[in-house]
Structure formats: C-alpha cells, structure tokens
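Notes to accompany the following structure.
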Amino acid sequence: MSHHDPNGNAIEIEGLTKRFGDLVAVDDVDLTARTGTVLGLLGPNGAGKTTVVRMLATLSEPTAGTARVGGYDIVRHAPQVRSLIGLTGQFAGIDELLTGEENLRFIGRLLGMPTKDARARANELLAQFNLSDAADKPAKAYSGGMRRRLDLAASLVGRPRILFLDEPTTGLDPRARGELWGLVRDLVADGTTVLLTTQYLEEADQLAHEIVVIDRGKVIATGTPTQLKAKIGGQTLRIQPEDHDRLDDLRDLVAQRHPGLEPMVEAGAITIGVNDDNVMPALAADLRDRGIALTEFHLGLSSLDEVFLTLTGRRTETDEPENATEEPAT
Amino acid sequence: MTAATIEAPAAGRPGPGETVRQTLSMAWRQMVRIKHNPFELVDLSLSPIMFLLLFVYVFGGQMAGSTSEYLQYVLGGLIAQNAIFLTMYTGTGINADLRKGVYDRFRSLPIARSAPLAGKIFADLFKQVWSIAIMLGLGLLMGFELRNVAGALLATVVVVVFALAISWVSVLMGVLADSEEKVQIYAFVVIMPLTFTSSAFVNVNTMPGVLRHWANVNPVTHLADAMRGLLSAGPIAQPLMWTAVWAAAILVVTAPLAMHAYRKKMV
Chain W
30 MSHHDPNGNA
40 IEIEGLTKRF
50 GDLVAVDDVD
60 LTARTGTVLG
70 LLGPNGAGKT
80 TVVRMLATLS
90 EPTAGTARVG
100 GYDIVRHAPQ
110 VRSLIGLTGQ
120 FAGIDELLTG
130 EENLRFIGRL
140 LGMPTKDARA
150 RANELLAQFN
160 LSDAADKPAK
170 AYSGGMRRRL
180 DLAASLVGRP
190 RILFLDEPTT
200 GLDPRARGEL
210 WGLVRDLVAD
220 GTTVLLTTQY
230 LEEADQLAHE
240 IVVIDRGKVI
250 ATGTPTQLKA
260 KIGGQTLRIQ
270 PEDHDRLDDL
280 RDLVAQRHPG
290 LEPMVEAGAI
300 TIGVNDDNVM
310 PALAADLRDR
320 GIALTEFHLG
330 LSSLDEVFLT
340 LTGRRTETDE
350 PENATEEPAT
Chain X
329 MTAATIEAPA
339 AGRPGPGETV
349 RQTLSMAWRQ
359 MVRIKHNPFE
369 LVDLSLSPIM
379 FLLLFVYVFG
389 GQMAGSTSEY
399 LQYVLGGLIA
409 QNAIFLTMYT
419 GTGINADLRK
429 GVYDRFRSLP
439 IARSAPLAGK
449 IFADLFKQVW
459 SIAIMLGLGL
469 LMGFELRNVA
479 GALLATVVVV
489 VFALAISWVS
499 VLMGVLADSE
509 EKVQIYAFVV
519 IMPLTFTSSA
529 FVNVNTMPGV
539 LRHWANVNPV
549 THLADAMRGL
559 LSAGPIAQPL
569 MWTAVWAAAI
579 LVVTAPLAMH
589 AYRKKMV
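Same order as they appear, the protein sequences are chains W and X.
Residue numbers for the first sequence follow our numbering, beginning at 30 and rising by one.
Residue numbers for the second sequence follow our numbering, beginning at 329 and rising by one.
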C-alpha cells in the first residue's frame, strides 16, 4: 500500500543518551534498522535495552541525542511516531479482567475504529494468533504464552509498520517461544520492521537480520548474527557419557586431542567452546574408537554469558549464581 | 542517510472531538471491568450504608433530639462526605495502573495524553451515582422526607460535578505518590478533617471561633448545605453558588497540575 524507499531506514538513532540522576542508562547509542528487517538489541538485564525502547516508543524523552522512527523525530513529532508504531513490552499491557476479545476491541475503539470494525479486527487477530477458542475468557485465565500472544495482538490492532518487542519471550517455555517466533516472522514477511530486545543469543540469531549488543548502556558490538558468531567464536559443544564413571576418560581424551579447548565438567557432562567446524566430527570419531557411549552430543550457540565474556572480559552481572559457579575462573 | 518517511497514517495530535471519543472508550473499559467484577459495586455500597445507619441511629438522638430529625439533617452531609471519599479510589487506581505499566501501552498509542486519566475519572462518576442512589434509597427506607424528585436529581448532578473537580486532586496524589498506601494515607489525613470541620454532620455554630470561621468557608460546608437544601429543606441558591465557585477553583488549579505531573512522570 505504501511506496516507501526499500533501502530506507525505519529507525535511526544518533548519540542517544538517557540519564537518571547520576546513572547513565543509555550512553551515546547509534543504531539503524532498515525498513522491513528485524534489529535485535541483545544484552543482559539492566543493559539499557528497555530504556532505548521506551524512548523510541515516546514513553520517555532522551537526555541527549536524536532518534527518528519512520522518518519522524521522537521528541518533536511524537504524535506522528505513535501513529506508526506498536509496542509489546514486559509490562501489563492487557487488562486481566477483560476477555481477549474485549481487550482487542477496546484498543480498536480507542484508535477510532467504528464498533463493527473494531470487533472484526479483534476477531481477525484472535484467529491469526490462535486465540479464537479463548476469545471470551478473561485474560487472567490465559497461560503465559497466550498472554504474550494477546499482548502482541493488542500492539497490532492499528496495523503498525514498526513494531517494538521488548523481551517478548522472557519467561516462556520453548514451545511458546517457538510459536511467538513464528508470528514475528510472519509480520516481517508482511513488511513490518521489528526492533526486538532479548537476553537470548539464540532468539537474536533466530529472528534478527542485524544484532546490536549493548552493555551498561553502550553498544559493544554490531553485526549480522553470522558476523557476531564468528567474532565471539560462539558455539558450545556439550558431551554427556552414558556411563558417569567415564566422565574422566572423556575429559582426558578431549584435553589430549584438543589441548587448547579446556573442557569443563558440570552436571555429569563436559562442555567445550569451539570455533573450529572440524572439532565435532573429529571428536565423534575418537569417542567411537574408545567405545564411550553417549547420551548427549550437542553443538549449540553460546549463552549470552559466554558472548559477554568474550566481548567484555567479564560475566554478566545479573546472571543466576548457579550458572556463574559452573564456569571456570578465567 | 535520511530515514524514509513511511507513508502510513501519520496523524498529528488528536483534536478535541477525538479526545472526547477516546476518553469515552477509556471509560467503556472501566465499565466492562465492573461487568466482570460486579462485587466492586457491593464493596462500594458497604461504607455508605454503614455510615448512614451508624450516624443516624447512634448519634441521631443526641444530635437532634430524634433519629428522624437527624436523618433529615445528615443525609445530605453524608452524601457529600462519601462522594469526596470516593474520589480517593480514582487516585489509588491510577497509582496502581501507573506502577504496573498499564498506561505504557496507552502512551504509545496515537491518542490524547489526557484520555486515560479523564476516562478513569469519568467512569468513576458512575460509581458516584451508584453510591448516591444507595444512600438516597436507604434514607427513604429509614423515613427520609424528600423535598421533591427534581431536587434529588439536581443534587446528584451537583455531587457529580463537585466530585469531578476534586477527583483531579486525587489524580495528582495518585501520580505523585510512589505507592497506593501513600495515596490512602494522604487522602485520609486531608479528607477526614476536611469533611468533619464542615456542616456535614453538625451545625457549625456549635464550633469554637477559628474552627467556625474555617467551617463557614470550607467547600464541604457549601456542598453539604446545597445537598440539604435540594433534598430536604433550607437555602439552595447561595450554597449552590459557592459549591460551583469552589469546584471551578479546584478544577482550574489541580487539573493542569495533575496533567503536568503525569507528563513529567514519563521522563
């Protein structure tokens, strides 16, 4: 319907800064999101991700710097920005007492749709988000995944061209998370630009065309998921022997064959960080030769913690204590 | 590189007509909440019923010689007091919604900044009408002699208009306070003395000097006198005029302050 420049940027941020008293929550951040793509803002709790989103969504004014959303300045043209965006946050964006259908119809009416259109749009979204069966149940009866879907649906009532998703899957189980990812991909396929904040490298890897890593309010890395993974060497191989007693054999084998890798033992398995694509097949052959039977042999993306260790030389400060103690000191 | 201006309905600031419509949509949401949680209305009815029964049957004989005499006097005052107390819930509700982040979505939508607050106040006026109906109904059962139906209707309008103005004080507290409890404490410390140092329950001429002078200008005195005049007996025009002056003054001062505090809150 629109004929905007496909090479244009839906979001442009220059020198964006936000101070709360002495605390610099967002510190001189530059970033751009090309129209029709997903920009992933990756960082631990307290990195400033939500503060960036709140400023872009016109909920909070920057202390310094500028940002344009859909070409409109977020301070001078806040009403225009609001007419282009949708926001799904970690907050209670839906009314628990209202049914799913009423929640969506309410937003439609608020946006000036005639009652009939608001009802039709609500039903359309409920169907699209697989919530039609629960349309007449109060939102407080919804599961965590259903609630997030309803919240996302609520942000889409006005068909925004630019969508802010603030940690949309935090606290969801893997299945609900996968469902939400699918919905986001559909929206992007329809041309929506998405800015997604997340604490999960996997989520950014799955959805984002470009990832910006932020820490303590500052951008510490930018790139495509592939570039970023190459930079941080970001894969972890986890090997669990069937027989627990063979854990030491396993560790010795890895240490002997791949001296640089420093295997660490945790919860009956060993994990090694790998950069080299040949390590996994080589190890598989060695293990077969030694006759060590396995219950798990899994190559996965590094956790955010490992990304941070590589980029900043320190752990994320808000990590769970049990995760922190599992890792060796560096 | 310049950002492409996306050709979507990039509307500017909403006009007055749209603001009113958005406020009504906000109020609609509050009404639907009551539909799903009708117990709220029962909760809302308990305090006025208790106050009316206790004041009339416990104090009535001592205050006015007979409970029926005192009922004629105090019903208007109790309606005034209850209306002012009720406005506290507007502030506590807004405070809770602000802290839970309910307003974040509203503020990201292309709607008037004032619509969420005004919608809440507007919907709470329905609770005012409900409470007045409960008190008038119970009063009639207890033997209250109503001046006339027109008086009762006008009294309802007056209370609602006054509550509308004083709600902004509550909104201001709701926006500024960092917890619901603080809104309640503040409201209690202000509303309790304000309503008791008036003609709501007793004739102000029995009060000592300074207090009497205060009671004579207290907005609650004018509101209570207006209620009494409209519902039972006594002068109407003068207390009505002073009630209107007070309501306008409170509205003009506190509504912009509350809106300013609300805008500042988003920084």
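From the three backbone atoms N, C-alpha and C, an ideal C-beta is built for every residue, glycine too.
A quick note: this is a predicted structure, and the numbers were derived from the prediction, not measured.
Distance, residue j Cα to residue i Cα
i, j, result
"Thr251 of chain W", "Leu116 of chain W", "23 Å"
"Ile123 of chain W", "Ile114 of chain W", "17 Å"
"Leu574 of chain X", "Leu568 of chain X", "According to the sequence shown, residue 574 of chain X is Trp rather than Leu. In a straight line, the C-alpha of Trp574 of chain X is about 10 Å away from that of Leu568 of chain X."
"Asp274 of chain W", "Thr300 of chain W", "17 Å"
"Gly447 of chain X", "His364 of chain X", "18 Å"
"Pro444 of chain X", "Tyr431 of chain X", "8 Å"
"Ala353 of chain W", "Phe434 of chain X", "Confidence in Ala353 of chain W is poor, its pLDDT being 33 and thus under 50, which makes the residue's placement unreliable; the coordinate value appears in the next sentence. Going from the Cα of Ala353 of chain W to the Cα of Phe434 of chain X covers about 39 Å."
"Ile321 of chain W", "Pro254 of chain W", "34 Å"
"Ala62 of chain W", "Asn38 of chain W", "6 Å"
"Leu381 of chain X", "Gly118 of chain W", "48 Å"
"Thr64 of chain W", "Gln264 of chain W", "30 Å"
"Ala483 of chain X", "Gly465 of chain X", "14 Å"
"Glu508 of chain X", "Met309 of chain W", "58 Å"
"Leu406 of chain X", "Arg556 of chain X", "10 Å"
"Val384 of chain X", "Ile564 of chain X", "23 Å"
"Ile249 of chain W", "Asn74 of chain W", "15 Å"
"His238 of chain W", "Ser459 of chain X", "57 Å"
Cutoff 8 Å: residue i Cβ touching any chain W Cβ
i, result
"Asp432 of chain X", "yes"
"Arg349 of chain X", "yes"
"Val360 of chain X", "yes"
"Ile309 of chain X", "For residue 309 of chain X there is no data in the structure shown, the boundaries of chain X being 329 and 595."
"Asn365 of chain X", "yes"
"Glu508 of chain X", "no"
"Trp458 of chain X", "no"
"Ser353 of chain X", "yes"
"Glu473 of chain X", "no"
"Gly429 of chain X", "yes"
"Trp574 of chain X", "no"
"Ser436 of chain X", "yes"
"Gly502 of chain X", "no"
"Arg357 of chain X", "yes"
"Gly340 of chain X", "yes"
Beta-carbon proximity list for residue i, same chain, < 7 Å, skipping 5 on both sides
i, result
"Gly173 of chain W", "Gly200, Leu201, Ala205"
"Ala583 of chain X", "Trp496"
"Asp34 of chain W", "In this prediction, Asp34 of chain W scores a pLDDT of 45, lower than 50, which makes its location untrustworthy; no coordinate-derived value is stated."
"Arg4 of chain W", "Within the shown structure, residues of chain W are numbered from 30 to 359, placing residue 4 of chain W beyond reach of any answer."
"Ala284 of chain W", "Pro292"
Cβ-based burial, residue i [other Cβ within 10 Å; buried from 16]
i, result
"Glu473 of chain X", "exposed"
"Val545 of chain X", "exposed"
"Glu291 of chain W", "exposed"
"Leu414 of chain X", "buried"
"Ser495 of chain X", "buried"
"Met359 of chain X", "exposed"
"Ser353 of chain X", "buried"
"Ile599 of chain X", "Residue 599 of chain X falls outside the range modelled here, since chain X spans only 329 to 595, and no answer is possible."
"Phe421 of chain W", "Residue coverage of chain W in this structure runs from 30 to 359, which leaves residue 421 of chain W outside it and unanswerable."
Sequence-distant residues of the same chain with beta carbon closer than 8 Å to residue i, five excluded per side
i, result
"Ala543 of chain X", "Thr525, Ser526, Ser527, Val532, Met535, Thr549"
For residue i: DSSP bridge partner residues
i, result
"Thr61 of chain W", "W:Glu41"
"Asp102 of chain W", "W:Arg97"
"Arg150 of chain W", "The partner list for Arg150 of chain W (beta bridge, DSSP) is empty, contrary to what the question assumes."
"Thr46 of chain W", "W:Ala93"
"Phe193 of chain W", "W:Leu116, W:Leu224"
"Asp244 of chain W", "W:Lys247"
"Ala298 of chain W", "W:Glu295"
"Pro270 of chain W", "W:Leu323"
Min CB distance residue i to chain X below 8 Å
i, result
"Pro108 of chain W", "yes"
"Glu131 of chain W", "yes"
"Asp146 of chain W", "no"
"Phe135 of chain W", "yes"
"Gly75 of chain W", "no"
"Arg48 of chain W", "no"
"Arg138 of chain W", "yes"
"Ile299 of chain W", "no"
Chain-order list of residues whose beta-carbon lies under 6 Å from that of residue i (same chain, five-residue window excluded)
i, result
"Lys47 of chain W", "Ala54, Val55, Thr80, Pro91, Thr92"
"Ile334 of chain X", "The predicted position of Ile334 of chain X is uncertain, since its pLDDT is 45 and thus under 50; a value taken from the coordinates is nonetheless stated next. No residues qualify anywhere along the chain."
"Lys247 of chain W", "Asp56"
"Ser498 of chain X", "Thr415, Met416, Thr418, Gly419"
"Glu356 of chain W", "Only weak support is given to the placement of Glu356 of chain W: the predicted model assigns it a pLDDT of 33, under 50, and the question is left unresolved by the model."
"Ser184 of chain W", "Gly115, Leu116, Thr117"
"Tyr101 of chain W", "Gln109, Val110"
Residue i: CB within 7 Å of a non-hydrogen atom of the ligand ZN
i, result
"Val308 of chain W", "No copy of the ligand ZN appears in this structure; indeed no ligand is present at all."
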